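Have a look at the structure below, then the notes.
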Amino acid sequence: MAAYFILLCIFVSLAIASYVLYAIRRQKRKPQGRHDQAVLKLPPGSMGLPFIGETLQLYSQDPGVFFSSKLKRYGEIFKTHILGCPCVMLASPEAARFVLVSRAHLFKPTYPRSKERLIGPSALFFHQGDYHLRLRRLVQGPLGPEALRKLVPDVEAAVRSTLASWAADGDAASTFRAMKRLSFDVGIATIFGGRLDERRKEELRRNYAVVEKGYNSFPNSFPGTLYYKAMQARRRLNGVLSDIVRERRAQGEPGADLLCCLMQSRDGGDHHDDGALLTDEQVADNVIGVLFAAQDTTASVLTWIVKYLHDHPKLLEDVRAEQAAIREANDGGKRPLTWAQTRSMTLTNRVILESLRMASIISFTFREAVADVEYKGFLIPKGWKVMPLFRNIHHSPDYFQDPHKFDPSRFEVAPRPSTFTPFGSGVHACPGNELAKLEMLVLIHHLVTGYRWETVGSSDEVEYSPFPIPRHGLLAKLRKDNSVGVDNKECKTDDNCDGEVNCVIIQ
Ligand code: HEM
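Written out as structure tokens, the structure reads:
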């Protein structure tokens, strides 16, 4: 009996102790963001089935439908459970700003480990804090206006070559595939500054394509699977990049391209001669990271632009008139486009902004709360994923009148703050946005002044690759517009002759 009583006492004491511990923990788990904290509730929403949550609902239909039905039901902040993770989704400009800008330190970037391994764990977008800041400063130089001004001839050469080989094809071909080639070539020119030989470029292209195929496949290490092949290709890419880095070191010629910036950067700043250099692996991860961030994003938007221009003939004529005047000023296209000209394409620029809004190819992004956070009286628990829904904001009638109408004139007036964020916002906002826009301007210039095109089959259905693009990548036939003279010259600016050009016939 005595033993029984002692056991009971121990049990009751343990129960009391665990309750006290729980209460203390709860007390300590004070959400960040307000001092006088009332008991907070989770946002409304449903967590779906055990384990799988609402993953099937999200991935078995147009994600836009999933999000908008939730928004209608629960409002602009709601909880759900996707891919094994509890999530809070936010669909207001203020909430997106809270997560990405004003309280960015409470939310870290988060990607599945399998994807990090494939791109390279040292790539800047997986990081926060000092390392991220250092990398960010590094990539901003070669992607900034001064560097882009010098890159215009390379972008123009890549555009001319892409359009010429697409038209030479004769048959209907996937616009997206052609645009991928273009954005890859421009990415390579930005990273290697035109100093990469064709053999190396092909090696990078071939292996990178295998990595890409594995990126969205089920991650496992069985030989023969897409993921396994992708990891093998990623290792080969490390080898190719190490060779390039070694050769550059041996040549000892500094340059201003992205690779040079990565190779020369010293921890603590360039004036700290004893600061550590980035390792070859960190350099490789960031080269692949930038290529990855640059290619499909830009190619998807370019594909939508080709479609939107095709579907709006009157607008196409106006854009053609704007670009024809520039072509005229350039001696009927004999002289190259200049940076200043790309800055003067007012209507074309609005078409690009409206395409970015309508297509909203990055529908949302992911962060993870690093502490319990309060937002508008709701608790976002530590460890939960947080997703600002860019696309829903871009398509909301609250911020864009008649949001499903393609209307570039809406950009005659600047959108309200934080309502238009196709390139994200805050510390992780896209550093490549000006390069992407430059590619679009140059592509549109040559497309509308030198070519005519027809789309083949229905182009209104959407597929996900993983970004939304028109079905089959928008099959289109491209032909030269003979009424404007042949646009088949590759113009190269001679550094020493102030805009004089050498025109090389490439066909
Ligand atoms: C239309 C084309 C593009 C779109 C729509 C786009 C969009 C975005 C968005 C939304 C983010 C932020 C993601 C987040 O906050 O989680 C981002 C980040 C990034 N983008 Fe882009 N991007 C494009 C083109 C490019 C290009 C051409 C480059 C480079 C040459 C590039 C390099 C990057 C990098 C390195 C980051 C990570 C920045 C960081 O974490 O600090 N992007 N992009």
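For the numbering used here, add 1025 to where a residue sits in the sequence shown, where the first one is 1. Beta carbons are placed, not taken as given, at the ideal position from N, Cα and C, and that holds for glycine. Note that this is a predicted model, so its numbers are computed, not measured.
Query - the segment 1062–1077 in contact with the segment 1106–1117 per 3-pair CB rule at 8 Å - result: Contact between the segment 1062–1077 and the segment 1106–1117 is present: 3 or more CB-CB pairs across the two stretches fall below 8 Å.
Query raised in the report: To which residues of the same chain is residue 1205 closer than 8 Å at the C-beta, ignoring the five residues directly before and after it?
Result: For this step, residue 1205 is matched to residue 180 along the sequence shown. Residues 1320, 1321, 1324 of the same chain have their beta carbon placed closer than 8 Å to that of residue 1205, with the five preceding and five following residues left out of the count.
Report task. Check residue 1047 in the structure and name its three-state DSSP category. Result -> Reading the sequence shown from its first residue, position 22 is the one you call residue 1047. Caution is warranted here: a pLDDT of 41 is assigned to residue 1047, below 50, making its placement in the model unreliable, and the coordinate value is therefore given only provisionally. Correct three-state label for residue 1047: helix.
Query - Proximity to residue 1159 [Cα-Cα], best of 1363, 1293, 1333 - result: Along the sequence shown, read from residue 1 onward, the residue named residue 1159 stands at position 134. Closest by alpha carbon: 1293.
**Report entry** Burial state of residue 1107, where buried means 16 or more other Cβ atoms lie within 10 Å
**Finding:** By one-based count along the sequence shown, residue 1107 stands at place 82. Buried: at least 16 other Cβ atoms inside 10 Å.
Query raised in the report: When the Cβ atoms of the segment 1123–1133 are set against those of the segment 1260–1270, are three or more pairs found closer than 8 Å?
Result: With the cut-off at 8 Å, the segment 1123–1133 and the segment 1260–1270 do not touch.
Query raised in the report: Hey, residue 1501 and residue 1480: beta-carbon distance below 8 Å or not?
Result: Position 476 of the sequence shown holds residue 1501. Position 455 of the sequence shown holds residue 1480. A contact, by the Cβ cut-off of 8 Å.
Query raised in the report: In three-state DSSP terms, what is residue 1379?
Result: The residue given as residue 1379 occupies position 354 in the sequence shown. Residue 1379: helix per DSSP, three-state reduction.
Requested in this report: Decide if residue 1417 is buried, meaning its Cβ has at least 16 other Cβ atoms within 10 Å, or exposed.
Outcome: Taking the first residue of the sequence shown as 1, we reach residue 1417 at position 392. Flag for residue 1417 reads buried.
Query - In DSSP terms, what residue 1110 is bridged to - result: On the sequence shown, position 85 is the one that residue 1110 refers to. Paired residue(s): 1107.
Query raised in the report: Between residue 1460 and residue 1168, what straight-line distance do the alpha-carbon atoms span, to the nearest angstrom?
Result: Taking the sequence shown and counting its residues from 1, the one referred to as residue 1460 is at position 435. Taking the sequence shown and counting its residues from 1, the one referred to as residue 1168 is at position 143. Going from the Cα of residue 1460 to the Cα of residue 1168 covers about 6 Å.
**Report entry** Three-state secondary structure (DSSP) of residue 1342
**Finding:** Within the sequence shown, residue 1342 is the residue found at index 317, counting from 1. Reduced to three states, the DSSP call for residue 1342 is helix.
Report task. Measure the alpha-carbon distance for residue 1511 versus residue 1504 and round it to whole angstroms. Result -> Along the sequence shown, read from residue 1 onward, the residue named residue 1511 stands at position 486. Along the sequence shown, read from residue 1 onward, the residue named residue 1504 stands at position 479. Low per-residue confidence applies at residue 1511: pLDDT is 46, beneath 50, and the placement is therefore not dependable, though the value from the model is reported in the following sentence. For residue 1511 and residue 1504, the distance between alpha carbons rounds to 11 Å.
Report task. Put residue 1403 into one of helix, strand or coil per three-state DSSP. Result -> Position 378 of the sequence shown, counted from the start, is the residue given in the question as residue 1403. Under the three-state reduction of DSSP output, residue 1403 falls in the strand class.
Query raised in the report: Since residue 1217 is in the alpha helix (DSSP H), which residue starts that stretch and which ends it?
Result: Walking along the sequence shown from the start, residue 1217 turns up at place 192. 1200–1217 is the extent of the alpha helix (DSSP H) around residue 1217.
Query raised in the report: Any heavy atom of the ligand HEM closer than 7 Å to the Cβ of residue 1150?
Result: Translated into the one-based positions of the sequence shown, residue 1150 becomes position 125. Yes, Cβ of residue 1150 sits closer than 7 Å to a heavy atom of the ligand HEM.
Query raised in the report: Is the closest heavy atom of the ligand HEM to the C-beta of residue 1134 under 7 Å?
Result: Sequence index remark: in the sequence shown, residue 1134 carries index 109 (1-based). Indeed, a heavy atom of the ligand HEM lies less than 7 Å from the Cβ.
Query raised in the report: Hey, would you say residue 1494 sits closer than 8 Å to residue 1328, going by beta carbons?
Result: Taking the first residue of the sequence shown as 1, we reach residue 1494 at position 469. Taking the first residue of the sequence shown as 1, we reach residue 1328 at position 303. Closer than 8 Å, so yes.
**Report entry** Helix, strand or coil at residue 1505 [DSSP, three-state]
**Finding:** Stepping through the sequence shown from its first residue, residue 1505 is reached at position 480. Of the three classes helix, strand and coil, the one that applies to residue 1505 here is strand, per DSSP.
Query raised in the report: Secondary structure at residue 1288, three-state DSSP: helix, strand or coil?
Result: The count along the sequence shown starts at 1 and reaches residue 1288 at position 263. If DSSP states are grouped into helix, strand and coil, residue 1288 belongs with the helices.
Requested in this report: Compute the beta-carbon to beta-carbon distance between residue 1392 and residue 1126, rounded to the nearest angstrom, for a pair I have assumed lies under 8 Å.
Outcome: Here the question's residue 1392 lines up with position 367 in the sequence shown. Here the question's residue 1126 lines up with position 101 in the sequence shown. The beta carbons of residue 1392 and residue 1126 sit about 12 Å from each other, so the pair does not count as a contact at 8 Å.
Query raised in the report: Could you give the distance in angstroms between the alpha-carbon of residue 1141 and the alpha-carbon of residue 1198?
Result: Residue 1141 sits at position 116 when you count from the first residue of the sequence shown. Residue 1198 sits at position 173 when you count from the first residue of the sequence shown. Each residue's alpha carbon lies about 33 Å from the other.
Query raised in the report: CB of residue 1200 to nearest heavy atom of the ligand HEM: below 7 Å?
Result: Within the sequence shown, the letter at position 175 stands for residue 1200. At a cut-off of 7 Å, the beta-carbon of residue 1200 does not count as near the ligand HEM: no heavy atom of the ligand is closer than that.
Report task. Count the other C-beta atoms from every protein chain shown that fall within 10 angstroms of the C-beta of residue 1304, then say buried if there are 16 or more, exposed otherwise. Result -> Position 279 of the sequence shown holds residue 1304. Exposed, since its Cβ has fewer than 16 Cβ neighbours within 10 Å.
Query raised in the report: Can you tell which of 1379, 1129, 1318 has its C-alpha closest to the C-alpha of residue 1340?
Result: Here residue 1340 is taken as the residue at index 315 of the sequence shown, counted from 1. Nearest option by C-alpha distance: 1379.
Requested in this report: Answer yes or no: the CB of residue 1445 versus the heavy atoms of the ligand HEM, is any distance below 7 Å?
Outcome: By one-based count along the sequence shown, residue 1445 stands at place 420. The answer is no for residue 1445.
Query raised in the report: In this structure, does DSSP put residue 1511 in helix, strand or coil?
Result: Counted from its first residue, the sequence shown places residue 1511 at position 486. Because the pLDDT of residue 1511 is 46, which lies under 50, any placement of that residue in the model is unreliable, and the number read from its coordinates should be weighed accordingly. Three-state result, residue 1511: coil.
Query raised in the report: Under a Cβ-count criterion, where at least 16 other Cβ atoms within 10 Å of its own Cβ denotes burial, should residue 1507 be classed as buried or exposed?
Result: Your numbering for residue 1507 matches position 482 in the sequence shown. Under this definition residue 1507 is an exposed residue.
Query - Start-to-end residues for the alpha helix (DSSP H) that takes in residue 1191 - result: Counted from its first residue, the sequence shown places residue 1191 at position 166. It spans 1170–1194 - the alpha helix (DSSP H) in which residue 1191 sits, taken as one unbroken run.
Report task. Closer than 6 Å by C-beta to residue 1452: which residues in its own chain qualify, once you throw out the five before and the five after it? Chain order, please. Result -> As a position in the sequence shown, residue 1452 is number 427, starting the count at 1. Once the five neighbours on either side are set aside, the close Cβ partners of residue 1452 are 1129.
Query - Contact test: residue 1455 Cβ vs the ligand HEM heavy atom, cutoff 7 Å - result: If you number the sequence shown from 1, residue 1455 lands on position 430. Flag set: Cβ of residue 1455 near the ligand HEM.
**Report entry** Cβ-based neighbour list, residue 1455, same chain, cut-off 7 Å, excluding 5 preceding and 5 following
**Finding:** Here residue 1455 refers to the residue found at position 430 when the sequence shown is read from its first residue. So the list reads 1448, 1449, once near-sequence residues are dropped.
Report task. Pick out whichever of 1207, 1173, 1174, 1176 has its Cα sitting closest to the Cα of residue 1187. Result -> Indexing the sequence shown from 1 puts residue 1187 at position 162. Residue 1207 is the option with its Cα nearest to residue 1187.
Query raised in the report: According to the Cβ coordinates, are residue 1290 and residue 1163 closer than 8 Å?
Result: On the sequence shown, residue 1290 is found 265 positions in, with the first residue counted as 1. On the sequence shown, residue 1163 is found 138 positions in, with the first residue counted as 1. Yes, Cβ-Cβ distance for residue 1290 and residue 1163 is below 8 Å.
Query raised in the report: Using a Cβ-Cβ cut-off of 8 Å (strictly less than) and excluding sequence neighbours within five positions of residue 1161, which residues of its own chain qualify?
Result: Taking the first residue of the sequence shown as 1, we reach residue 1161 at position 136. Close CB contacts of residue 1161 within its chain, under the 8 Å cut and outside five residues either way in sequence, are with 1149, 1452, 1456 (chain order).
Query - Whole-angstrom distance between residue 1210 and residue 1436, CA atom to CA atom - result: Position 411 of the sequence shown, counted from the start, is the residue given in the question as residue 1436. Position 185 of the sequence shown, counted from the start, is the residue given in the question as residue 1210. Straight through space, the alpha carbons of residue 1210 and residue 1436 are spaced by roughly 30 Å.
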